[in-house]
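Q:
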Amino acid sequence: MLIVVLAGFAYSAAEESLMELQSKEEYESCDLSNPIRMYVNGLDRVSLDGEGTRYFSSGKLENCRKGLKLHVDVMPGDVMSDGVAASAPESSAPIHLKATYLLWIALAINLALVWP
Numbered sequence: 001m002l003i004v005v006l007a008g009f010a011y012s013a014a015e016e017s018l019m020e021l022q023s024k025e026e027y028e029s030c031d032l033s034n035p036i037r038m039y040v041n042g043l044d045r046v047s048l049d050g051e052g053t054r055y056f057s058s059g060k061l062e063n064c065r066k067g068l069k070l071h072v073d074v075m076p077g078d079v080m081s082d083g084v085a086a087s088a089p090e091s092s093a094p095i096h097l098k099a100t101y102l103l104w105i106a107l108a109i110n111l112a113l114v115w116p
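All residue numbers for the sequence shown refer to the UniProt record's numbering, where the first residue is 1 and numbers rise by one.
1) With DSSP run on the structure shown, which of helix, strand or coil describes GLU62?
2) Am I right that LEU18 and PHE9 are in contact with their C-beta atoms under 8 Å? What's the rounded C-beta distance?
3) Just grab the DSSP bridge partners of MET19 for me.
4) Alpha carbon to alpha carbon, how far is ALA13 from VAL74?
5) Can you tell me the Cβ-Cβ gap for GLU16 and LYS60, rounded? I've got them flagged as a contact below 8 Å.
6) Could you give the DSSP three-state label for SER29: helix, strand or coil?
7) I'd like to confirm the pairing. Which residues does DSSP put opposite GLY52 in its beta bridges?
8) I'd like to check one pair, HIS71 with TYR39: are the Cβ atoms closer than 9 Å?
9) Is ASN63 buried or exposed, if buried means 16 or more other CB atoms sit within 10 Å of its CB?
10) Taking its Cβ as the centre, do 16 or more other Cβ atoms sit within 10 Å of ASP44, making it buried, or is it exposed?
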């Protein structure tokens, strides 16, 4: 079974942008000089495919330093064996829903801290 989760980011495109950073070090130090991707539309959906940690930050250094950033740990999906998808445990859908919901809550809290 292939599970693709999308993260959604909404912001004022006139005042803000979103960057995906390459490393934990860039994320922690707010080094915005060499992003993997830059999002500027104001309403961006990012596919969280592939296992690993992804790092996102405000495109403005000042806002990143104020904490407007987010790291996402992408967990592996079900492992397939002999071409047959493993059945998902009953609780897997709520876990993915909770992860997306928590992502939105974290973004909303960060936005509330930056913009009064």
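In this text, a Cβ means the ideal position worked out from N, Cα and C, and glycines have one as well.
A: Taking the geometry as given:
1) helix
2) 5 Å
3) MET38, SER57
4) 26 Å
5) 7 Å
6) helix
7) VAL74
8) no
9) buried
10) buried
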